[in-house]
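All remarks here apply to the structure that follows.
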Amino acid sequence: MTGKSSEISVPELSSYLALHCHETAYRFETLIGAYLSSGSENQTGEIASQNPSKADADLLSRRIKAERLLDGIPKYIDNYMLTLLAARHPLERFDRSILRSYIGNLTAPSPRFVSWKDRQADLRDLTANEVPGTEWDKAALLSSQGASDVLKWRDVPVFKPASDMMIYAMLLFELKPATIVEFGTGHGGSTGFMSDLAQLFGLDCDLHSVDRTGKVPEGFHTNAKHHIADCLQWVRDELPKLRLARPCLFIEDFHEKTDDFLNLLVPNLDVGDYLVIEDSFIKQAALDRFLREHTEVLIDTFYTDFFGVNCTSAVNSILSVQSEMTRSPSSTSSKSQTTQGGRPG
Ligand SMILES: C[S@@+](CC[C@H](N)C(=O)[O-])C[C@H]1O[C@@H](n2cnc3c(N)ncnc32)[C@H](O)[C@@H]1O
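According to UniProt numbering, numbering within the sequence shown proceeds without interruption in unit steps and concludes at 345.
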């Protein structure tokens, strides 16, 4: 390498570095781009101004085919990336950016469980998206619970995006919760959905749902206990009396006093338990206040980002307890647990 370093372009530097190790030039371009985009020179993510070289593109296509396709079958996103890598014309900005993040994930996958603080740093460049902090576009988000009628499970309304339904199906199968508690029963469609899944998966699972009103259709649930109560009061007064089998999945879908709820509920959680805070676009500040302090609770990005970054109602808030909670003496005394099942790996 000769001349002053300021005269070397990012692609040139990347190719030079790639000659000296097993990484591809495109990988270096991605890393340098990400580094520079955190500085003032590049707030728009325009660094990777070129397509990957043909050699890099071929190498990456082979990796995608080997590592991402299942029996040769691509998902939409794999197919799109293979098309971009085969393109011999300059890519549009959106395509460069989505290719960069896809390849970044292929070559250096991020950890699954991340702290609240790290997550904020990871997502700082997502502010320009249609729905900031997510990869959702506005129209898809607005219609995600149904554009005309509301999503239904066995003809009972469920106020969740369709993506969340599948996230819960996968989470239930992986976590195998021995207890599910949903705060905010609504019409009961969602508790009914969990109840049916638990039965289908052969789980020995106690279900509880809490709501101040009781609109659940007669006979709809097979295996759920409905508590007519204020959620905060129930957590404070009734939850400690229950002997909850572990692991537990708690779902917050009643949307009141998030700070109080987190402070009351979370000390009752054990390692391996999950807490999903739904519709959390408007709860980010409360989550920030709580989770910066409680580093035992991590975000499970496998699920929050399954359909694209935060394409779920639980924005940054599919939470997993990964180490012992700091408990006040009163929060531990009245609860005894049996440990069942395993923590997802
Ligand atoms: C969005 S709905 C729940 C939807 C349901 N989880 C689903 O997915 O279909 C919210 C529910 O929370 C209940 N709710 C709101 N504040 C509450 C509180 N403080 N205590 C108990 N229930 C409450 C309302 O009565 C309403 O039924």
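The C-beta atom is built at its ideal place from N, Cα and C for all residues, glycine as well.
Check                                                                                                                                                                   : Outcome
Tell me whether His226 sits in a helix, a strand or coil according to DSSP, three-state version.                                                                        : strand
Report the rounded CA-to-CA distance for Asn263 versus Ile299, giving the unit in angstroms.                                                                            : 17 Å
What's the C-alpha gap between Leu60 and Ser53?                                                                                                                         : 10 Å
Please determine, among Asp78, Val10 and Phe28, the residue with the shortest C-alpha to C-alpha distance to Ala18.                                                     : Phe28
Does the beta carbon of Gly72 fall short of 8 Å from some heavy atom of ligand 1?                                                                                       : no
For Ala128, which option in Ser97, Val114 and Trp116 has the closest C-alpha, if you only look at C-alpha atoms?                                                        : Ser97
Can you tell me whether Asp305 is buried or exposed, with buried defined as 16 or more other CB within 10 angstroms of its CB?                                          : buried
So the candidates are Val114, Val276 and Thr295; which of them puts its Cα closest to the Cα of Ile167?                                                                 : Val276
Compute the distance between the beta-carbons of Pro161 and Gly186, then report whether it is under 9 Å.                                                                : no
With a threshold of 8 Å, establish whether the CB of Glu293 neighbours any heavy atom of ligand 2.                                                                      : Within the structure as shown, ligand 2 is missing, the only ligands being ligand 1.
Please report the Cβ distance between Thr301 and Arg68, rounded to the nearest whole angstrom; I am assuming they are in contact, meaning their Cβ atoms lie under 8 Å. : Actually they are not in contact, since the Cβ atoms of Thr301 and Arg68 sit about 18 Å apart, beyond 8 Å.
Under a three-way DSSP split, which group does Lys152 fall into?                                                                                                        : strand
Got a sec? Which residues, its chain only, sit under 6 Å from Leu172 by beta carbon, not counting five neighbours each side?                                            : Leu197
According to the neighbour-count rule (16 or more other Cβ atoms, all chains shown, within 10 Å of its Cβ), is His89 buried or exposed?                                 : exposed
So what does DSSP say about Ile251, is it helix, strand or coil?                                                                                                        : strand
Taking Cβ to Cβ, would you say residue 349 is nearer than 9 Å to Ala245?                                                                                                : This structure leaves residue 349 out entirely; the chain is present only between 1 and 345.
By how many angstroms is the C-alpha of Ile251 removed from the C-alpha of Gly272?                                                                                      : 15 Å
Mind listing, in chain order, the continuous alpha helix (DSSP H) runs of no fewer than 4 residues lying wholly within the region 245-291?                              : 258-265 and 284-291
Exposed or buried, Ile228, counting other C-beta atoms within 10 Å across all chains shown (16 or more means buried)?                                                   : exposed
Leaving out the 5 sequence neighbours to the left and right, which residues in its chain are closer than 6 Å to Glu46 when beta-carbon positions are compared?          : With a pLDDT of only 41 at Glu46, under the threshold of 50, the placement of this residue in the model should not be trusted; the figure read from the coordinates follows. Excluding sequence neighbours, Glu46 sits near nothing in its chain.
Closer than 8 Å to a non-hydrogen atom of ligand 1 - does that hold for the CB of His208?                                                                               : no
List, from N- to C-terminal side, the alpha helix (DSSP H) runs of 4 residues or more that fit wholly inside the region 126-209.                                        : 138-142, 162-175 and 189-200
Name the DSSP beta bridge partners of Asp78, please?                                                                                                                    : In the DSSP output, where bridge partners are listed per residue, Asp78 has none listed.
May I have the straight-line CA-CA distance separating Gly146 from Asp270, to the nearest angstrom?                                                                     : 35 Å
Can you find a heavy atom of ligand 1 that lies under 8 Å from the Cβ of Asp204?                                                                                        : no
Can you have a look at Lys207 and say buried or exposed, based on whether 16 or more other CB atoms are within 10 angstroms of its CB?                                  : Note on residue identity: the sequence assigns Leu, not Lys, to residue 207. Buried, because 16 or more other Cβ atoms sit within 10 Å of the Cβ of Leu207.
Within 8 Å: the Cβ of Gly186 and any heavy atom of ligand 1?                                                                                                            : yes
DSSP three-state label for Phe220, please.                                                                                                                              : coil
Would Gly72 be called buried (16 or more neighbouring beta carbons within 10 Å of its own) or exposed?                                                                  : exposed
Start and end of the alpha helix (DSSP H) containing Ile103?                                                                                                            : Arg93 to Thr107
What distance in whole Å lies between the Cβ atoms of Leu175 and Tyr303, which are believed to be in contact at a cut-off of 8 Å?                                       : In fact, because the Cβ distance is near 10 Å, the residues do not count as touching under 8 Å.
Could you check the C-alpha separation between Ala108 and Leu31 for me, to the nearest Å?                                                                               : 10 Å
Between the Cα of Gln50 and the Cα atoms of Leu99, Pro74, Pro247 and Asp122, which residue gives the shortest distance?                                                 : Leu99
Which of the three DSSP states is assigned to Gly45 in this structure?                                                                                                  : Annotation note: pLDDT 39 at Gly45 (below 50); position unreliable, no value reported.
Starting from Ser320 and walking both ways along the beta strand (DSSP E), at which residues does that stretch end?                                                     : Ile318 to Val321
Between Ser209 and Asp260, what straight-line distance do the alpha-carbon atoms span, to the nearest angstrom?                                                         : 19 Å
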